[in-house]
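Engineer: The structure is given below, and queries will be raised subsequently.
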Amino acid sequence: MKAERLAWAATVLIIAYITWKAISPLITPIFFGLILAYAAYPIHRRLASKLGEIHSAVLLTVGMLGLGGVVTLELLMISVQVAASFYQSVVDFFRWLMTQPLPPEVLDFLQNFFNQLIPRLSDYISKQAFSLPMYLLQLVVFLFTFYYALSNAHEIAEEIRLAIPDKNRRLGEEILESLNKTLGALVRAWLILNVIKGVLMTFGFLLFGVSDLYTAIVAGFLTFIFSFVPLFEGWMIWLLAAAYFAKEAMYLHAIGIAVYGFLLVSPMPDYTIRPMMVAKDANLDETLVFIGMIGGTWAMGVKGLIIGPIVLNLLLVLLKEWKRVISGREPSRRPSPSPSKPAPHPGV
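Printed below as a string of structure tokens:
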């Protein structure tokens, strides 16, 4: 019997390991598919009462597909422009530096460094350009996850509820309530902050004279959209504007839009304003949310912005439960009071 259990345990571990290896490259699109399905669920619930569960999920997924297509196209165009501009700026900078009256040893060092840097930089940019098929694959996985989560929302919620053991049902429901509260606060802060980022980017384009009103509004819209794209965020837009100014030798304007974008658009607000919004909405400590976002991002990338605060909040729930259990056992550990009269003899 023991050997049979060990064999089954080994089989389960092997299957779990192979499953993890198969889906680990797609964890990010699956994660964000579930998160955006959670965010879109209130809309889905209203539409489902009129169209039905499946038709509502299909309609929202088609809308997300159109949005994903626009993001992919704009992402490709802006990435190519920024990469080409950055590459040319690096080349021009080193060429200018090597024309300066520097000692021969320094010039030789710069020349060798330049000869090694440029091929590697070119190779890196080429790899990023050819990563578009992988991005398209992740988009497909994201859309399937988004559709499945919406169309089976009730079944998923019921399965989660049934998975809670009756013995620990109170703790399980408390954990789910904490998870729902924190995740809701994070999603609301995410959406509201992204709208503010888009407005600020539009104002920044007009303030620094980057473009006319129409192009500034488009830049603000793209900032809002890119703020949902892992690793890109809104800094892609102000970086493009700064590169344009630098190319035109308008260095003060380039520094101005870069500082403005860094402080007010991305990434600074993600680690200052967002924790305050989440803490206020979820009734959490701001420092706890901040640490969760920083540590989560450091450990898990952009997913950690959401996972980090949730995990820390769940840890608090478990610590409170542990404290409650310990407090409940505490009286039994105290010495019993001395009896007022001698206890009867066991033999009597």
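Going by UniProt numbering, the first residue of the sequence shown is number 1, and it counts up by one from there.
C-beta: ideal position from N, C-alpha, C; glycine also.
1) If you draw a straight line from the alpha carbon of residue 280 to that of residue 53, how long is it in whole angstroms?
2) Specify whether the stretch 184 to 192 and the stretch 90 to 107 touch according to this definition: at least 3 beta carbon pairs, one from each stretch, less than 8 Å apart.
3) What residues in its chain sit with their C-beta under 6 Å from that of residue 335, if we drop five residues either side in the sequence?
4) For residue 179, I'd like the list of residues in its chain whose CB is within less than 7 Å of its CB, leaving aside the five on either flank, ordered along the chain.
5) Could you check if residue 270 is buried or exposed, using at least 16 other CB atoms within 10 Å of its CB as the buried criterion?
6) Pull up the distance between the alpha-carbon of residue 174 and that of residue 317, whole angstroms please.
7) Three-state secondary structure (DSSP) at residue 234?
8) How would you label residue 326, buried or exposed, when you count the other beta carbons within 10 angstroms and need 16 or more for buried?
9) Can you give, in chain order, each stretch of the beta strand (DSSP E) that sits fully within the stretch 255 to 341 and has at least 3 residues?
10) Please classify residue 99: does DSSP put it in a helix, a strand, or coil?
11) Return yes when the Cβ of residue 142 is within less than 9 Å of the Cβ of residue 275, no when it is not.
12) Grouping DSSP H, G and I as helix and E and B as strand, with all else coil, what is residue 64?
13) Use the C-beta contact count for residue 18: other C-beta atoms within 10 angstroms, 16 or more gives buried, fewer gives exposed.
14) If you reduce the DSSP assignment to three classes, tell me which class residue 212 lands in.
15) Any idea if residue 44 is buried or exposed, counting beta-carbon neighbours within 10 angstroms, 16 or more meaning buried?
16) Using CA atoms only, rank isn't needed, just tell me which of 7, 292, 31, 38 is closest to residue 154.
17) How big is the Cα-Cα spacing for residue 13 and residue 25?
18) So, residue 253 versus residue 209, is the Cβ gap smaller than 9 Å?
19) Please report the straight-line C-alpha distance between residue 46 and residue 61, rounded to a whole angstrom.
20) By how many angstroms is the C-alpha of residue 320 removed from the C-alpha of residue 339?
21) Within a Cβ cutoff of 7 Å, which residues of the same chain sit near residue 111, ignoring the five residues on either side of it in sequence?
22) With a 10 Å radius around its C-beta and 16 neighbouring C-beta atoms as the bar for buried, classify residue 147 as buried or exposed.
23) Any idea what DSSP makes of residue 204, helix, strand or coil?
24) Below 8 Å CB to CB, which residues in the same chain sit around residue 70 once its five sequence neighbours on both sides are set aside?
25) Return helix, strand or coil for residue 134, following the three-state DSSP convention.
26) Taking residue 149 as the reference, which of 33, 292, 303, 323 has the closest Cα?
27) What's the gap between the Cα of residue 199 and the Cα of residue 40?
28) For residue 177 and residue 268, what's the separation of their Cα atoms in angstroms?
29) Are the beta-carbon atoms belonging to residue 201 and residue 234 less than 9 Å from one another?
30) So for residue 52, helix, strand or coil by DSSP?
31) Counting along the chain, where does the alpha helix (DSSP H) carrying residue 156 start and finish?
32) Looking at residue 186 and residue 260, is the spacing between their C-beta atoms short of 9 Å?
33) Anyone know if the C-beta pair for residue 151 and residue 194 falls short of 9 Å?
34) What's the gap between the Cα of residue 355 and the Cα of residue 144?
Structural biologist: Taking the geometry as given:
1) 33 Å
2) no
3) In this predicted model, residue 335 has a pLDDT of only 48, less than 50, meaning its place in the structure is not dependable; the value taken from the coordinates is given anyway. Excluding residues within five positions, none has a Cβ falling inside 6 Å.
4) 310, 314
5) So residue 270 counts as buried.
6) 8 Å
7) coil
8) Taking a 10 Å sphere around the C-beta of residue 326, we find fewer than 16 other C-beta atoms and assign the residue as exposed.
9) none
10) coil
11) no
12) helix
13) Per the 10 Å Cβ criterion, exposed.
14) coil
15) buried
16) Of the listed residues, the one whose Cα sits closest to residue 154 is 38.
17) Approximately 19 Å between the Cα atoms of the pair.
18) yes
19) 15 Å
20) Any reading at residue 339 must be qualified, since the residue scores a pLDDT of 47, below 50, and its modelled position is unreliable; the value itself is stated next. Distance between the alpha carbons of residue 339 and residue 320: 35 Å.
21) Answer for residue 111: 98, listed in chain order.
22) Residue 147 comes out buried.
23) helix
24) 225
25) helix
26) 33
27) 22 Å
28) 30 Å
29) yes
30) coil
31) 153 to 163
32) no
33) no
34) It is not possible to answer for residue 355, since the shown part of the chain is limited to 1 through 348.
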